[in-house]
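Residue numbers (my numbering), protein chains in the order written: chain G, 147 to 251; chain Y, 19 to 349. Notes follow the structure.
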Amino acid sequence: MARRLPHPPRLSTIESLILELLIANEDAMYGLQMVAASRRRLKRGTIYVTLGRMEEKGFITSRLEAAPAEAGGLPRRLYEPTALGRRVQAAWTAAAQHFSPRFAQ
Amino acid sequence: MIRPGTRLRTLAARTCSEKTMARLIDPVIADLQAEYASAIGMRRRWLALFTGYIAFAKMSLWCGLLGLREARRNWSDEDRQGLLRTLWLTGCAIVIVSVPLWLLELPTTRDLLESMRDTEFPPSATVQRLMIYLVPAILPLSIPLGLAMGVAFGTHGRALSPRLLGTIILVALAASVVSVINVGWLNPATNQLYREAIVGQYVPKGDHEFTLTELNRCLVQPDARARLGVSSYRYRSFLFELHQRLGLAIAPLTFCAFALVLASRRRAKRVAVVAAVCIAGLGYWLVRWLGNGLSLSESVSPQLGAWMPQIALLLTTILVGISRTFIRTRA
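Spelled out as structure tokens, the structure:
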């Protein structure tokens, strides 16, 4: 009987977009920055839910900024892709290219 | 000066876990504060506040949905069955209480309609339509009584987990919200439609036909009182009506508390518990009439008269609870 292979990491369209933005940007980004860079494809009310989920999956990592932009305010959370996130995004892009109808032509 | 979002954060910290705060709430608040601080000019600052609070509201909704999903996963079969049984019994009890009360109105409505047939403005409404208008008038009694019966019957003699207890209280709270909408706006509107359908023309609104907003406006604004020609007697009547409706709106909660305390008496038979709920419902209505009479005769303030049934039911609940604890301690 064939052994069941473990599921490969799954990536939604929004998660892929976030990883794409984070990889393209050399520095770590915070949520609003990603919303602005995504040209309205990401929403500021829901982005942190996706970011939290991606962090749990191990695609990204986060840390608090050293000093808040405005003294006294809460520090913002900065996000960076992990090595796993980069690999998954690369595999995802390759698979998407491979299976897209444009590539088949 | 307190930064925007600080109070919201404190509020959220009371209900959300540390992980949720760090990953979801704090980043949204940080964005709001950073945007507000960097915005130049009043208009941009207001916009930053508006978009920030909208984002916070969306995030809160998400947190609530995620919390519910998590809570549903952790429910035991016993809790799930207990809740379903209570909800099912509550629904049945509401229907069982509502239908006879509703049908009691049928002869009166039919007679009223017949008596108006030969007048100058004969009504065009049918009995069926008028009976539909009467449905919201039945709900202020049938919702709390039905809920109390469902809770008493569904939870009697069973150990309630904190989760199930909390959910039942949430159900009572939801019933309370439905009652607010009903006694505040729906019932006054259907009452007025009923009156106009019977008379066949416009009829000035009475106390029961004013919505909660209109009642409050009449009581708070002296101009509105003068414009409507509200006398001091009518003012007291309005005040009583307003407080009575608020009392009716929280009745599902007080009845639910009473039912939970009764149901926790394991030695009492289930039939006795349900009978006690019915007696409580009857007593509630009797005290309501008594409060109305005392208020109209100016023996007590309209507020006290209107809240008398709630106070009586709460005192009864406390007494039943205390007697249960006393019996258990002596045993």
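Every residue gets a Cβ at the ideal spot worked out from N, C-alpha and C, and that includes glycine. Values in this document were obtained by computation on a predicted structure and should not be read as measured data.
In terms of beta-carbon proximity, Gly-191 (chain G) lines the interface with chain Y, with at least one pair separated by less than 7 Å.
Your pair Ala-31 (chain Y) and Met-39 (chain Y) checks out as a contact, with CB atoms roughly 6 Å apart and the cut at 8 Å. Interface annotation for the segment 42-66 of chain Y against chain G: Leu-42, Asp-44, Pro-45, Val-46, Ile-47, Ala-48, Asp-49, Gln-51, Ala-52, Glu-53, Ala-55, Ser-56, criterion Cβ-Cβ distance under 8 Å. Tyr-151 (chain Y) counts as buried, since at least 16 other C-beta atoms from the protein chains shown sit within 10 angstroms of its C-beta.
Contact annotation: in the segment 167-193 of chain G, residues whose CB is within less than 7 Å of a CB in chain Y are Gly-177, Leu-178, Arg-190, Gly-191, Thr-192.
Scanning Y:Asn-234, Y:Pro-140, Y:Pro-154 for the CA closest to the CA of Val-117 (chain Y) turns up Y:Pro-154. Counting C-beta atoms within 10 angstroms of its own C-beta, Pro-45 (chain Y) has 16 or more neighbours from the protein chains shown and is therefore classed as buried. By the criterion of a C-beta distance shorter than 6 Å, Trp-203 (chain Y) is surrounded in its chain by Thr-229, once the five residues flanking it on both sides are discounted. With a 10 Å radius around the Cβ and a threshold of 16 neighbouring Cβ atoms, Ser-282 (chain Y) comes out buried. Between the segment 48-65 of chain Y and the segment 226-235 of chain G, the count of C-beta pairs closer than 8 Å stays below three; the two stretches do not touch. A distance below 8 Å between beta-carbons, with the five flanking residues on each side excluded, links Glu-53 (chain Y) to the following residues of its chain, in chain order: Ala-66, Thr-69, Gly-70.
At a beta-carbon threshold of 7 Å, the residues of chain Y lying near Gly-198 (chain G) are Arg-41, Leu-42, ordered along the chain. Val-169 (chain Y) counts as buried, since no fewer than 16 other beta carbons sit within 10 angstroms of its beta carbon.
Residue-level contact check: Trp-80 (chain Y) touches chain G, since one or more beta carbons of chain G fall below 7 Å from its beta carbon.
According to the DSSP assignment, Ile-297 (chain Y) belongs to the alpha helix (DSSP H) that extends over 288-314. Taking CB atoms only, Ala-294 (chain Y) has no neighbour in chain G less than 7 Å away. The three-state secondary structure of Ser-255 (chain Y), taken from DSSP, is helix. In the three-state reduction of the DSSP assignment, Arg-186 (chain G) falls in the coil class. Separation of Ser-142 (chain Y) and Asp-136 (chain Y) (C-alpha to C-alpha, rounded to the nearest whole angstrom) is 12 Å. Minimum Cα-Cα distance from Val-217 (chain Y) among the listed residues Y:Ile-43, Y:Ala-192, Y:Ser-194, Y:Leu-148 corresponds to Y:Leu-148.
Per DSSP, the unbroken alpha helix (DSSP H) holding Ser-194 (chain Y) starts and ends at 180-199. A check of alpha carbon separations from Glu-132 (chain Y) across Y:Leu-260, Y:Ala-324, Y:Ala-215, Y:Val-295 identifies Y:Ala-215 as the nearest.
At the C-beta level, Pro-320 (chain Y) and Leu-257 (chain Y) come within 7 Å of one another. In the structure shown, the three-state DSSP call for Tyr-220 (chain Y) is coil. Considering only Y:Arg-181, Y:Val-198, Y:Phe-139, Y:Leu-178, the residue with the shortest C-alpha distance to Ile-161 (chain Y) is Y:Val-198. The segment 301-310 of chain Y and the segment 326-337 of chain Y touch, with no fewer than 3 CB-CB distances between them shorter than 8 Å.
At a cut-off of 7 Å between beta-carbon atoms, Met-77 (chain Y) makes contact with chain G. Excluding the 5 residues flanking it on each side, Leu-119 (chain Y) has same chain C-beta neighbours closer than 8 Å at Ile-156, Leu-159, Ser-160, in chain order. Residues of the segment 89-113 of chain Y with a C-beta less than 8 Å from any C-beta of chain G: none at all. The segment 283-293 of chain Y makes no contact with the segment 266-273 of chain Y, as fewer than three CB pairs between them are under 8 Å. The C-beta distance from Ser-208 (chain G) to Arg-190 (chain G) rounds to 16 Å, too long to meet the 8 Å contact threshold. Per DSSP, the unbroken beta strand (DSSP E) holding Ile-206 (chain G) starts and ends at 206-210.
For Ala-73 (chain Y), the closest Cβ of chain G is nearer than 7 Å. One alpha carbon belongs to Glu-211 (chain G), the other to Ala-174 (chain G), and they sit about 10 Å apart.
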